[in-house]
Amino acid sequence: MTKKIAKSSKQTKEIYQRNAEIYKLLANPIRLEILDILKDREVSLDELSERVGIRKPNTSQHLAILRYLKVVTVRKEGQKAFYKIVDKRITEPSKILQKLWGNKSF
């Protein structure tokens, strides 16, 4: 007797695709640092660039990816741009890994 194997639904495949995009986003240490900075409050582009230690155009590129995936939003105030996390749960995987690995090196 053959066993019938259930196929993943289209909706499930879309979830896997979205998850893969988020994993790629989280695989970048600069974006992880940006998210860590944003976890507590809204922060300007200038402050983010300074705290991460990269030029504003590079910071903007990372923020564009975060905005595209709807992880952060931007608020304009005159010439300044302020960023905040849409859902703070996005920082949970990083917290879990920090607890898991602590200060251990590979």
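So in UniProt numbering, spot 11 of the sequence shown is number 11, and the numbers just go up one at a time. All C-beta atoms in this analysis are idealised placements derived from N, C-alpha and C, irrespective of residue type, glycine included.
As assigned by DSSP and simplified to three states, the class of residue i
i: Ile-54; result: coil
i: Glu-42; result: coil
i: Ala-81; result: strand
i: Arg-76; result: A small fix is needed here, since residue 76 is Lys in this sequence, not Arg. If DSSP states are grouped into helix, strand and coil, Lys-76 belongs with the strands.
i: Asp-36; result: helix
i: Asn-19; result: helix
i: Lys-88; result: helix
Backbone CA spacing between residue i and residue j [nearest angstrom]
i: Lys-39; j: Lys-95; result: 11 Å
i: Pro-57; j: Arg-18; result: 26 Å
i: Gln-98; j: Leu-35; result: 14 Å
i: Ile-37; j: Gly-78; result: 22 Å
Pair within 8 Å by beta-carbon distance, residue i and residue j
i: Val-71; j: Ile-85; result: yes
i: Leu-66; j: Glu-21; result: no
i: Phe-82; j: Val-43; result: yes
i: His-62; j: Arg-31; result: yes
Neighbour-count burial assignment, residue i, 16 or more Cβ in a 10 Å radius
i: Leu-48; result: buried
i: Tyr-16; result: exposed
i: Thr-59; result: buried
CB-CB length for residue i against residue j, believed under 8 Å
i: Arg-93; j: Leu-26; result: Checking the displayed sequence, the identity of residue 93 turns out to be Pro instead of Arg. That pair is a contact at about 6 Å.
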